[in-house]
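Only one structure is covered here, and it is reproduced in the block below.
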Amino acid sequence: MFRQLTHSAATSYFLFALVLFAGLAFLQRDGNALPFFYKDYPTYPVNGEKHFDRNSENLVLNRIDFAARDIPYPYHFHLWRSGPRQTGPAERQSDTGPFPDTALDQLHGAPYRSQIGVQAWFWAGLTEWLDIRDGSYQLQKALSVLFASLLAAVLLVWVRKNLGALPSLAGLAFLTLSTGMNLFAGSLYWSLWLFLLPLAVTCLLDMLGIRNRYVLFIATLPAFFVKFLAGYEFITVIVLAAMTPYAWDFFIRHSKAAAFRAAIVGASSIGAFLLSFLCYEWLFRADFGLSGIDHLLGRSQAWSVFQTLEDRGLTPGIQAAKLLTMNFIDLNGYGIPLGVCLLVIALALIHARNQLRAAEMGFLLFMLLGSTSWLFIQPGHLLFHPRYATLVFSLPFGLFAVGLLARLFEVRYRLKKAARALATP
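Quick look at the structure:
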């Protein structure tokens, strides 16, 4: 089985991971970083230019502070909302050991109750294990980018194996430049590598030729479970993305068995969701003595379109227009790489319409459904936070659509080259 991972595949994996990590690290430096040109609506005045999504990130940084300062953490929910006064980066960098008097508000906060926050538990444990005391947490952020690069490299090897070398290079370029990866790969809160984990597992199983339904279920269950413990945002995108290898087999290779394997992945995600839900309920009652289910249902209802937006003096139509302009048309400084990629995809579809078969169009539509699915489940969430659209459109639609269209161009070029060779006397 493992012989199928050839030396060439292993070499490709390490090269993809290295180039992606180096590219993301280069772009995220102060002088080069695409993220620092982005605006965060509606909290941009609070976050400032260089603190994209700071409120979410502080939930993890506050929890890490407990580990960095050797303060026992008493809760099972590991995202921490601090008191009215936030601990800034300079204080984190200078303060070691117990909290100083000027930072006592940090202890007077409360855990964030909408998710267990296993990512914060992981980063806090890593901080304690490595005995990191500098307070800037740049090593953790670099590791987050590294983990995302290592898992994304698995996807690129799958693209290389199934679509070809040129599509894999196109996918590498997309991941390196896409706004979703650049904005969130270094985020400890989002821990983008957890988003990629289920898809990386299914791609690896597909490359290894593992088709057994029990192995598929058992392998994907913990991947989904860990991700759900880190938050329920965009779970439909994550689940449908994990079905990508089997969607490819179903649409392109006309394998009916692939539909069954995709159903197994769906069943595994449901099992992981229910298991994470039980853990959430149990830990919520242990920490707060209340029903966690009631809390989550209330949060879900709060993100309905009309209640979420109208309570804040916003209208769904205006926010939908902002989502489009901010992420695709780029009037507000969003979506430069993603907007260009989507435009290229549209032009490529027109250019390659004669080569695009119905099966390939079906695969593209499945990818598009995967990326837009969260908009149908929780529209208020994306409409109120348009910046997150750059994250969900990167996978699965962006990566695999770019790869597929690169393959179409490659095939078309070869056909033209062969035709010219035949026409030459």
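Here the sequence shown stands for residues 0 to 424, where the numbers follow the working numbering. Note that the Cβ used here is the ideal one computed from N, Cα and C, for glycine as well.
Enclosing alpha helix (DSSP H) for residue i [first to last residue]
i, result
"residue 282", "255 to 287"
"residue 205", "191 to 206"
"residue 242", "Looking at the DSSP string, residue 242 is not in any alpha helix (DSSP H), and its letter there is neither H nor E."
"residue 213", "212 to 228"
"residue 112", "Taken as a continuous stretch (DSSP letters only), residue 112 belongs to no alpha helix (DSSP H), as it is neither H nor E."
"residue 166", "164 to 176"
"residue 60", "53 to 67"
"residue 377", "Per DSSP, residue 377 belongs to no alpha helix (DSSP H) and is neither H nor E."
"residue 184", "Unbroken run through residue 184: none, as it is neither H nor E."
"residue 146", "137 to 161"
"residue 78", "Counting along the chain, residue 78 falls outside any alpha helix (DSSP H), and DSSP gives it neither H nor E."
"residue 127", "117 to 129"
Inter-residue Cα distance where the pair is residue i and residue j
i, j, result
"residue 167", "residue 144", "20 Å"
"residue 61", "residue 401", "38 Å"
"residue 283", "residue 293", "11 Å"
"residue 363", "residue 14", "27 Å"
"residue 258", "residue 193", "25 Å"
"residue 132", "residue 109", "23 Å"
"residue 11", "residue 116", "33 Å"
"residue 296", "residue 142", "34 Å"
"residue 186", "residue 370", "20 Å"
"residue 228", "residue 275", "6 Å"
"residue 23", "residue 289", "42 Å"
"residue 73", "residue 65", "10 Å"
"residue 121", "residue 69", "16 Å"
"residue 253", "residue 210", "16 Å"
"residue 261", "residue 240", "10 Å"
"residue 139", "residue 405", "35 Å"
"residue 272", "residue 421", "57 Å"
"residue 18", "residue 160", "18 Å"
"residue 63", "residue 230", "18 Å"
"residue 184", "residue 380", "20 Å"
"residue 387", "residue 217", "30 Å"
Whole-Å CB distance - residue i paired with residue j, under 8 Å assumed
i, j, result
"residue 215", "residue 204", "6 Å"
"residue 137", "residue 188", "With 8 Å as the limit, residue 137 and residue 188 do not qualify as a contact, their Cβ atoms being about 16 Å apart."
"residue 374", "residue 154", "The pair is not a contact, with the Cβ atoms about 23 Å apart (cut-off 8 Å)."
"residue 164", "residue 250", "Wrong, their Cβ atoms sit about 22 Å apart, outside the cutoff."
"residue 223", "residue 268", "5 Å"
"residue 201", "residue 264", "6 Å"
"residue 279", "residue 270", "Contact flag wrong, Cβ pair sits at about 15 Å."
"residue 246", "residue 76", "Contact doesn't hold; Cβ gap of about 35 Å is too wide."
Residue i burial status per 10 Å Cβ neighbour count (16 or more: buried)
i, result
"residue 114", "buried"
"residue 255", "exposed"
"residue 407", "buried"
"residue 57", "buried"
"residue 112", "buried"
"residue 198", "buried"
"residue 67", "buried"
"residue 213", "exposed"
"residue 71", "exposed"
"residue 78", "buried"
"residue 208", "exposed"
"residue 182", "buried"
Legend entry - Stretch pair the stretch 232 to 239 + the stretch 136 to 156: three plus CB contacts closer than 8 Å: no
Inset, instruction - Assess, as a yes-or-no matter, whether the stretch 180 to 194 is touched by the stretch 267 to 286 under the definition of 3 or more beta carbon pairs within less than 8 Å. - result: no
Legend entry - Stretch pair the stretch 116 to 126 + the stretch 158 to 178: three plus CB contacts closer than 8 Å: Not touching, per the Cβ criterion.
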